[in-house]
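> Take a look at the following structure, please.
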Amino acid sequence: IYYSCLESCLLAWVIGSSGDVVGVHEIQLPCNSCGMQETSFKGQVASFRVKLGVRCRDDSDNHVVEDSCADVCERGIAETLQSKLRARKCKKLEADLELEKMFDILIAPLANDIKGYSNLIIVPDQELHTIPFAALRCREDKTYLVQRHTLRIAPSLQTLKLIANRSLSTPDSNSALIVGASEFELGTKHTVALSRFVNEPWGLHTRSTAKGLFVRDVDHQSVLAKHNKANPNQAIFVGDKLCKINHTTIPAEMLDALNMSVDLIIEVQRDLTPLRSVPQELHWVEEQCKHANCSVTKMFNQVHTKEELRSAMESAEVLIHFATHGLLEHLSLVLYGSTSTNALLHAEEISRMQLQAKLVVLSACNTGRGEVGADGVTGLSRAFLAAGVQSVIATLWAVPDVSTSVFMREFYTEWLSNRLAIHEAVCRTMCRMIDDGVYLPHEW
1456 IYYSCLESCL LAWVIGSSGD VVGVHEIQLP CNSCGMQETS FKGQVASFRV KLGVRCRDDS
1516 DNHVVEDSCA DVCERGIAET LQSKLRARKC KKLEADLELE KMFDILIAPL ANDIKGYSNL
1576 IIVPDQELHT IPFAALRCRE DKTYLVQRHT LRIAPSLQTL KLIANRSLST PDSNSALIVG
1636 ASEFELGTKH TVALSRFVNE PWGLHTRSTA KGLFVRDVDH QSVLAKHNKA NPNQAIFVGD
1696 KLCKINHTTI PAEMLDALNM SVDLIIEVQR DLTPLRSVPQ ELHWVEEQCK HANCSVTKMF
1756 NQVHTKEELR SAMESAEVLI HFATHGLLEH LSLVLYGSTS TNALLHAEEI SRMQLQAKLV
1816 VLSACNTGRG EVGADGVTGL SRAFLAAGVQ SVIATLWAVP DVSTSVFMRE FYTEWLSNRL
1876 AIHEAVCRTM CRMIDDGVYL PHEW
């Protein structure tokens, strides 16, 4: 299925396995009751992603204040757990509703054309690259697309052709590389511009420490809350450090600006949270590889030169597995180190390598996203494909740490132990997590 985004509609080509065009569809975008398009499709996709409940890869949401011990004691553990379960159920219902709406737009018009195919290759366009096609849900039978078809996604038609023409040689040896970091010295910085009316509250509450000025809380329905919802990649969350406000680093002057100014330019620093599940994830991957008679090179919480890493990556013939943070703003993976020189592996560096691995697994945030241009999306996953890798497993958002480890454990069992094809193992893993009934769509 190849999609093309036009100004007022989408075009979708369904092409059969023999190369014949099965169908071409013009898909009109949703309109409101007055017949006017509600918002741009790009805006609809951004809203859709927010309603799915995407979050950071750690064990708690950065932008949600956790229950205090006193609150838990007062309400009781059982009541607190019930409250959390009810909240997850509500999130699931809201997410499924949005996934059904997107299924109606993108898949339902093609239903008759794809009915006889068990395997689908999808080539998105523009903002469709951020859509989790596997999770789109049929309104009639309440099944997700991944339960109806096995799926593969290509970043562009050019990349799809490149992979199709690539010879699938048998590796001379079964070598694998696993790279991970669970502790991070490197943080990220971004700049946020905000404006308000005179009597409008920013909704930003701070706390002062010896290390600087930090965000203590963000009011709902405030200027900042609305900004965060509309700009998730340029958000200000609880725990972020405010390095500069209107070009000053003096705390008293920064607070004055928050109280008096109607326009703010805020430089924000966010420390990368520890990934507590990474050690266990890497141990499990290592054990699975050894059981499949793969020789394993492991780089975990160790500083390596780029040359050492490049050599290890180019030598791996079966698998390269990264478990770490991914930085969308830099199109990079975070390695163990204290400076951007040795702690960031950029997509541009990867694309210049000569890789031979059958599979690269990017167990990190936002690794399937990137810069969208005329020839699809350019980012980490495409860089690995351009460097010679046959398949890449990547993410479309900041993935939760615990469910990521569960996913990886199931996937490697299906791929290495049960000998399924890579795309079949991915889809089987998703279906298992769906059947468990525990995980929200954005968690698988």
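Counting along the sequence shown from 1, when you hit position 157 you're at 1612 in my numbering, and nothing is skipped either side.
Backbone N, C-alpha and C define an ideal beta-carbon position, used for all residues, glycine too.
1) Terminal residues of the continuous alpha helix (DSSP H) containing Thr-1796?
2) If you follow the alpha helix (DSSP H) that Tyr-1867 is part of, which residue opens it and which one closes it?
3) Taking 8 Å as the cut-off, does the segment 1585-1600 touch the segment 1459-1478 (at least 3 CB pairs, one atom from each stretch)?
4) By how many angstroms is the C-alpha of His-1746 removed from the C-alpha of Leu-1875?
5) Taking the C-alpha atoms as reference points, what is the distance between Glu-1769 and Phe-1669?
6) Going by DSSP, which residues form a beta bridge with Lys-1663?
7) Using 9 Å as the threshold, is the C-beta distance between Gly-1635 and Asn-1756 below it?
8) Using only the alpha-carbon positions, how far apart do Met-1709 and Glu-1784 sit?
9) Taking Cβ positions, are Ile-1608 and Ile-1577 nearer each other than 9 Å?
10) Take Ile-1482 as the anchor and find which of Leu-1641, Phe-1496 and Ile-1470 has the nearest alpha-carbon.
11) Grab me the residues of Asp-1674's own chain with a C-beta within less than 7 Å of its C-beta, minus the 5 sequence neighbours each way, in chain order.
12) Buried or exposed: which applies to Thr-1664, given that a residue is buried once 16 or more other Cβ atoms fall within 10 Å of its Cβ?
13) Determine the DSSP secondary structure at Phe-1777, reduced to helix, strand or coil.
14) So the beta strand (DSSP E) Ala-1589 belongs to, where does it begin and stop?
15) Just to confirm, is the Cβ distance from Ala-1690 to His-1702 under 9 Å?
16) Output needed for Gly-1677: all residues of its chain with C-beta closer than 7 Å, excluding positions within five of it in sequence on either side, in chain order.
17) Quick check on Arg-1671 - is its C-beta less than 9 Å from some C-beta in chain B?
18) Please return the same chain residues whose Cβ sits closer than 6 Å to the Cβ of Thr-1646, not counting the five positions on each side in sequence.
19) With DSSP run on the structure shown, which of helix, strand or coil describes Phe-1639?
20) Per the DSSP calculation, Thr-1728 is bridged to which residue(s)?
21) DSSP three-state call for Glu-1826: helix, strand or coil?
By the coordinates alone:
1) Taking the sequence shown and counting its residues from 1, one reaches residue 1796 at position 341. The continuous alpha helix (DSSP H) containing Thr-1796 extends over residues 1795-1798.
2) Taking the sequence shown and counting its residues from 1, the one referred to as residue 1867 is at position 412. From DSSP, the alpha helix (DSSP H) with Tyr-1867 extends over 1856-1867.
3) As far as the Cβ criterion goes, the segment 1459-1478 does not touch the segment 1585-1600, which means the pair count is below three.
4) Within the sequence shown, residue 1875 is the residue found at index 420, counting from 1. Within the sequence shown, residue 1746 is the residue found at index 291, counting from 1. When only Cα atoms are considered, Leu-1875 and His-1746 end up about 15 Å apart.
5) For this step, residue 1769 is matched to residue 314 along the sequence shown. For this step, residue 1669 is matched to residue 214 along the sequence shown. Computed Cα separation, rounded: 42 Å.
6) Looking up residue 1663 in the sequence shown gives position 208. First, the residue type needs correcting, since residue 1663 is Ser and not Lys in the sequence shown. The partner list for Ser-1663 (beta bridge, DSSP) reads Leu-1668.
7) In the sequence shown, counting from the first residue as 1, residue 1635 sits at position 180. In the sequence shown, counting from the first residue as 1, residue 1756 sits at position 301. A contact, by the Cβ cut-off of 9 Å.
8) The sequence position of residue 1709 within the sequence shown is 254, counting from 1. The sequence position of residue 1784 within the sequence shown is 329, counting from 1. Answer to the nearest angstrom: the Cα atoms are 26 Å apart.
9) Reading the sequence shown from its first residue, position 153 is the one you call residue 1608. Reading the sequence shown from its first residue, position 122 is the one you call residue 1577. With respect to Ile-1577, Ile-1608 sits close: the two C-beta atoms are nearer than 9 Å.
10) As a first step, residue 1482 must be located in the sequence shown, where it is residue number 27. Nearest C-alpha to Ile-1482: Phe-1496.
11) Here residue 1674 refers to the residue found at position 219 when the sequence shown is read from its first residue. The residues are Pro-1656, Gly-1658 and Ala-1680.
12) Taking the first residue of the sequence shown as 1, we reach residue 1664 at position 209. So Thr-1664 ends up on the exposed side.
13) The sequence position of residue 1777 within the sequence shown is 322, counting from 1. Looking at Phe-1777 - three-state DSSP - the assignment turns out to be strand.
14) In the sequence shown, residue 1589 corresponds to position 134, counting from 1. For Ala-1589, there is no enclosing beta strand (DSSP E), as DSSP gives it neither H nor E.
15) Counted from its first residue, the sequence shown places residue 1690 at position 235. Counted from its first residue, the sequence shown places residue 1702 at position 247. No, Cβ-Cβ distance for Ala-1690 and His-1702 is not below 9 Å.
16) Here residue 1677 refers to the residue found at position 222 when the sequence shown is read from its first residue. Note on identity: in this sequence residue 1677 is Ser, with Gly being the wrong assignment. If the five residues before and after Ser-1677 are omitted, its C-beta is found closer than 7 Å to the C-beta atoms of Pro-1656, Trp-1657 and Gly-1658, all from its own chain and listed in chain order.
17) Of the chains in the structure shown, none is chain B; there is only one protein chain.
18) As a first step, residue 1646 is located in the sequence shown; it is residue number 191 there, counting from the start. Counting only Cβ-Cβ distances below 6 Å, and skipping sequence neighbours, we find Glu-1722.
19) One-based indexing of the sequence shown puts residue 1639 at position 184. Shown here, Phe-1639 sits in coil according to DSSP, grouped into three states, outside any helix or strand.
20) On the sequence shown, residue 1728 is found 273 positions in, with the first residue counted as 1. In the DSSP output, where bridge partners are listed per residue, Thr-1728 has none listed.
21) Translated into the one-based positions of the sequence shown, residue 1826 becomes position 371. When DSSP states are grouped into helix, strand and coil, Glu-1826 belongs to the strand group.
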